[in-house]
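Contents: one structure, followed by commentary.
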Amino acid sequence: MKLQAYRLQNYRRLRDVVIELDDEISIFVGANNSGKTSAVQGLYSMLRGEVKKFELFDFSAALWAEIDAVGRTPPGDEDAPKRLPSILLDLWFRVGEDDLATAMSLLPSTEWDGKCVGIRVAFEPRDAHDLVWKFHELHEKANNAAVALAVKRKADGEQAVEAGAEDAAAVVADAGEYKPWPESLTKYLTKELSKEYTFRYYVLDERAFVGYQAKEADYEPLPLGKEPGGAAILKSLVRVDFLRAQRHLDDPDTGSSDRAESLSRRLSRFYHRNLEKRGDDHAALKALDTSEKELNFHLKEVFSDTLKRLAKLGYPGVNNPEIVIRAALDPTTVLGQDAKVHYVIPGVASAQLPDSYNGLGFKNLVYMVVELLDLHEQWKAEEDKRAPLHLVFIEEPEAHLHAQIQQVFIRNVLRLLEDANDHATFFHTQLVITTHSPHILYERGFSPIRYFRRVSDQLGHHTDVRNLSLFKTGASEAPAREFLQRYLKLTHCDLFFSDAVILVEGNVERLLLPAMIEVAAKRLRSSALTILEVGGAFAHKFQELIAFVGLTTLVITDLDSVTVKTDAEKAAAQGAGAEGAVDGDDEDDDLKPFELEDDDEAEPGGKKKSKKRGSTCHAHVEGAVTSNQTLISWIPKKRSMAELWEVTAEQKTLSLAEDSNAEVRVAYQIKVSVTVGATTSQLCGRTLEEAFGLENADWCQAEANRAVGLKLRSAPSSPEELAEKLHNRVVGKNFDKTRFALEVLASGPLNGWKVPAYIAEGLAWLEAKVAHELEADAAIAIEVATIEPTAADVVAVIVAPGQTA
């Protein structure tokens, strides 16, 4: 049996998410506050079924207005209480023939012949109509009492005014300000939720569902009876355990070690829970027996003289009893107190260090392994009551671990829990890992990744979960999928943990962009950004991945202008380069390859691709086109320089998904005003270096900045001459682009240079997009802060509890 998927509705920021689990390991990733912890905590809380552990803030914030709307309906409205929300958890188990006996209670009918059984756990009103009626009654009584109090205070205040008392006018004005509890239905449920809501369980019929969504909006699942009860059935199917991120293995300071736990103490607990129960382990029992006999002999020798003296005293009324001191060795005590974990230095057997002398990383790794084994042994020890499925959540295993150890852990964690005694098809373990580590994330490829995408709309926020095992699954798509997996792994990319992504042309942009953000978009400094160097020829390969996960993206690329060569010109260029060539030389290295897509005359409506090659040229050369595949095939799908310069800001932006506000925008060189002497012209650079030189002409031509590499030997006489000479300098073989970037950085962003206009525009767009998402989250937090607890002994404002994860 395996948990195929679960659907969670109305829990915190998870309005409605379906999370499909891998048969072995699922890895939950996403930016901060994207709902990963809520997905784990929601499953655990719903399975635990403890009403008192829930509070109003566990309901999605978008539901609070609807709850208050129900409270404002007039008494006697029969339909309003039906709108009160419930938190729902649908669990879908994939079962085999061996599991049918265990899952019998969840079969929807005798005609069932499917592969999945489903159960719904609902946290819902005990009696919705009674709940609303009680609220109205309390609300009316409280308001009447408040009115009476206000009348009395007003009268007292007016008398005080007549008597000339100080502050009497304020008392009169304040008489009607008091708002008694329950002011609203949300305020009522903040205090009374555990009395008004309960857990109920239902059987789901997979034939009534498509993609884990009911085919009919009014679908009513079959309620489970009280015997054996939904909670008992769930317990018989799955055991859920957690390994939390806070493992309390910090190095203990003197006098404050109570918070830290040594490995020795942890191993002692493991022995007490599991190994101690092995009464048939005669090798261990023999070792203890031998130790006990030897200790008895030692004690007899040590206490011999003392006992002989005690024997001379005698004791009235007793027939001269003898005192014997014997050892009583308890395995748990021996391991916990008289035995300690030590580290042996390889090659020096006598050099042994206590466990407190090793680093946090190694201790954390050993601790996690012992904890996992402990959980596994407890599951096995349930014997007849043992659930066929063990679901283990591991939270942030990367804590204190070096990158290499993180990879070792995720690579071998399943092997730790293998048990030869388990029936291969009946008992099964599934792991769910939440992480912020790219080293863990990419070790197993895309298949186990479940990406939590934040979605903001109309000052509401929720989460969508993307299953990357469904990304590019076709045979023809395998090469593209493999390329992305290898690239992201090799670069340790934190793409899936970011608020937004910036794809850049090359190393120069990657180096300069942080400084440019400092100048042009300072608010981005507080966002989690990924700057990924992909090159103009490869940026479009990330198009489908970015669209799939729905991550706001800025693509900063180059125009890469070229003049297209005819077949005869290409042949001539190849012939000229063939003489003196050696093996491995690119026979036409100076020609830039690119693809064009045109209408297929042979097939109406069809498209055909043709490979072209072009020679690098200045952007203003007549007939120049781009060789950049990002601009040709992704955004804005234009070829010529003239077309690219005419593209509007809207045409440079593309929506990624219908159900989110995520977008991708391209930024490439644009025409800017360039002044030399008294002449000003509208010119454009081909690359970042050219654009930088044009827009910072005086700065680049200053003697103090010669090291940047853009200072010309002779001063240009016109803007056009400046542009042409800068182009020749940059495309020359002696120009060092990396040195250019480093010299610009060394000068400092406040040293007079400005960010090229096309990059500044792109960063401003991204800043506005990311700021909108953060403001949406902040608006929800402010709304949460208006709902205060109303218990008599609590006076506080709660700010956004439980709404983020």
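Numbering of the sequence shown is given in the numbering used here, commencing with residue 767 and proceeding in unit increments.
From the three backbone atoms N, C-alpha and C, an ideal C-beta is built for every residue, glycine too.
For the alpha helix (DSSP H) that contains D1464, what are its first and last residues? Residues 1463-1467.
Can you tell which of R1276, H1202, G1451 has the C-alpha that lies nearest to the C-alpha of T803? Among R1276, H1202, G1451, the Cα nearest to that of T803 is on H1202.
Alpha carbons only, please: which of R1177, S1513, G1528 is nearest the one belonging to V1267? Among R1177, S1513, G1528, the Cα nearest to that of V1267 belongs to G1528.
Pull up the CB-CB distance for L1131 and I1171, whole angstroms please, since I reckon it's below 8 Å. That pair is a contact at about 6 Å.
Could you check the C-alpha separation between V883 and A912 for me, to the nearest Å? Between the C-alpha atoms of V883 and A912 there is a straight-line separation of about 54 Å.
Which of the three DSSP states, helix, strand or coil, is assigned to A1011? A1011: coil per DSSP, three-state reduction.
Counted within 10 angstroms of its Cβ, other Cβ atoms place M1407 as buried (16 or more) or exposed: Taking all protein chains in view, the Cβ of M1407 is crowded by 16 or more other Cβ atoms within 10 Å, so the residue is classified as buried.
Once the 5 residues before and after P1359 are set aside, which same chain residues still bring their CB inside 8 Å of it? Excluding residues within five positions, the ones whose Cβ falls inside 8 Å are K1377, K1378, R1379, S1393.
What residue does the alpha helix (DSSP H) around E1310 start on, and which one ends it? First-last of the alpha helix (DSSP H) with E1310: 1309-1315.
Who are the Cβ neighbours of S1293 in its own chain at under 6 Å, not counting the five residues just before and after it? Non-local beta-carbon contacts of S1293 in its own chain, meaning distances under 6 Å to residues more than five positions away in sequence, involve D1265, V1536 in chain order.
Give me whichever residues DSSP pairs with P989 in a beta bridge. Its beta-bridge partners are Y968.
Would L1250 pass as an interface residue toward chain B - the criterion being a Cβ-Cβ separation below 8 Å? Judged by its chain identifiers, the structure shown contains no chain B, having just a single protein chain.
Per DSSP, what kind of secondary structure is T956 in: helix, strand or coil? It is helical.
Would you kindly check if the distance between the Cβ of S1447 and the Cβ of A1385 is under 8 Å? No. Outside cutoff.
Note down, one range per segment and in chain order, each alpha helix (DSSP H) of at least 4 residues found wholly within the segment 1418-1477. Contiguous alpha helix (DSSP H) elements confined to the segment 1418-1477 occur at 1454-1461, 1463-1467, taking only those with 4 or more residues.
Expressed to the nearest angstrom, what Euclidean distance is found between the alpha-carbon atoms of A1457 and T1396? Their Cα atoms are separated by approximately 19 Å.
So Q770 and W858 are supposed to be a Cβ contact under 8 Å. How far apart are they, rounded? About 5 Å separates the Cβ atoms of Q770 and W858, confirming a contact at the 8 Å cut-off.
Of the listed residues A1281, K1307, H1168, nearest to E1243 (C-alpha basis): Ranking A1281, K1307, H1168 by Cα distance to E1243 puts K1307 first.
Restricting to Cα atoms, I'd like to know which of R966, H1142, P1482, T1200 is closest to E816. Here the closest residue by C-alpha is R966.
With C-beta atoms as the reference, is P891 less than 8 Å away from E982? It is not a contact, given that the beta carbons lie outside the stated cut-off.
Assuming contact is defined by CB atoms lying nearer than 8 Å, are S708 and R1220 in contact in what I supplied? Outside the displayed range of the chain (767 to 1571) lies residue 708, so it cannot be described from this structure.
Spatial neighbours of L1279 within its chain, please: CB distance less than 6 Å, with the 5 preceding and 5 following residues excluded, ordered by chain position. Here the set comprises I1297.
In angstroms with no decimal places, state the Cα-to-Cα distance between S1222 and E1509. Annotation: S1222 to E1509 spans about 41 Å, alpha carbon to alpha carbon.
F1218 classed as buried or exposed, judged by whether at least 16 other C-beta atoms fall within 10 angstroms: In summary, F1218 is buried, with 16 or more beta-carbon neighbours lying within 10 Å of its beta-carbon over all protein chains present.
Using beta-carbon positions only, say whether V1274 and K1477 come within less than 8 Å of one another. Cβ atoms of V1274 and K1477: not closer than 8 Å.
What residues are listed by DSSP as bridge partners for D782? Residue pairing by DSSP places D782 opposite Q775 in a beta bridge.
Quick one: Cα of L850 to Cα of N776, how far? Taken atom to atom, the span from the alpha-carbon of L850 to that of N776 is near 11 Å.
Cβ neighbour criterion (16 or more within 10 Å) applied to N910: Under this definition N910 is an exposed residue.
For the beta strand (DSSP E) containing P891, list its first residue and its last residue. Where P891 is concerned, the enclosing beta strand (DSSP E) stretches over 882-891.
Within the continuous beta strand (DSSP E) that includes E1161, where are the two ends? Where E1161 is concerned, the enclosing beta strand (DSSP E) stretches over 1155-1161.
The beta strand (DSSP E) enclosing I1322, as first and last residue numbers: Per DSSP, I1322 belongs to the beta strand (DSSP E) from 1319-1322.
Would you kindly check if the distance between the Cβ of V1387 and the Cβ of R1405 is under 8 Å? The answer is no: Cβ separation not under 8 Å.
Is V976 helix, strand or coil when you go by DSSP? V976: strand per DSSP, three-state reduction.
Give me whichever residues DSSP pairs with V1004 in a beta bridge. When DSSP reads this structure, V1004 sits in a beta bridge with L1155.
Cβ distance (whole Å) where L1157 is taken to contact V1006 below 8 Å: Rounded, the Cβ-Cβ distance is 5 Å, consistent with contact.
Let me know if M870 comes out buried or exposed under the rule of 16 or more other beta-carbons within 10 Å of its beta-carbon. By the 16-neighbour rule on beta-carbons within 10 angstroms, M870 is exposed.
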